[in-house]
Amino acid sequence: MQTRGYWRNRNLTFRDEAYSPAQGVSLWETCPQLAMLDPGVGFTYMEDFFAWITADWAQTKIGAGGTIALQNGKGGILRITTDALDDDGVQIQKQLPEDIFIPAAGKPIWFEAKIQLVTAAKHIESEFLIGLAITDTTVIPGVNDGIYFQKADATPAVGAVTEIGGVPTTTPGVLTL
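Under the working numbering, the first residue of the sequence shown carries the number -14, and numbering increases by one thereafter.
1. Suppose the cutoff is 7 Å on Cβ atoms and the five residues either side in sequence are ignored; what does the same chain contact list for R(-7) look like?
2. Cβ of T120 within 8 Å of Cβ of Q76?
3. Which whole-angstrom value is the C-beta distance of G58 and D73, which I expect to be below 8 Å?
4. For G158, which residues in the same chain have their Cβ closer than 8 Å to its Cβ, ignoring the five residues on either side in sequence?
5. Are L55 and W42 touching if we call contact CB-CB under 8 Å?
6. Does the Cβ-Cβ distance between G61 and D33 come in under 8 Å?
7. Can you check which of these residues, E2, T(-2), N(-4), is closest to Q(-13) by C-alpha distance?
8. Give me the Cβ distance between I125 and E112, rounded to the nearest whole Å; I'm assuming they're in contact under 8 Å.
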């Protein structure tokens, strides 16, 4: 194992030659993780789904709904299964103080999530919103403030959205499933 340090964007980053992704590929290369040990610089929030505590989450089931359960797997897996009817769904939001994430101009936010969509029509007949948003039980149509990725039903395109006071600004097609 060879761990090397290097500077990128005035940030000292460490990369292991054997285990890290190739240099220039990782989202986390420019994240000042060492500097964030100082709480005045920033903080880290991680949810790996090693445990599922129902009371920690606002849950909304749409139509016939579905189920939420932990699944065995490397890194923690939360499986959300919806019923078979079109437009059935399950929405979950972590119950956190709404002012825990306060975006500001010139202050970067790093966000990463791993999702897998499994439907009869593959990824086209699915809809999701994942990111930072105010708690609302009508998440997809009801977000007023947030920074998130969203995929509409009947399209493989994912857009990046910032929304303030109910006015969204969308960068379409940042990813195609």
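The C-beta atom is built at its ideal place from N, Cα and C for all residues, glycine as well.
Concretely, from the data shown:
1. E14, T15
2. no
3. Not really, about 24 Å apart at Cβ, beyond 8 Å.
4. A142, V143, G144
5. no
6. yes
7. E2
8. 6 Å
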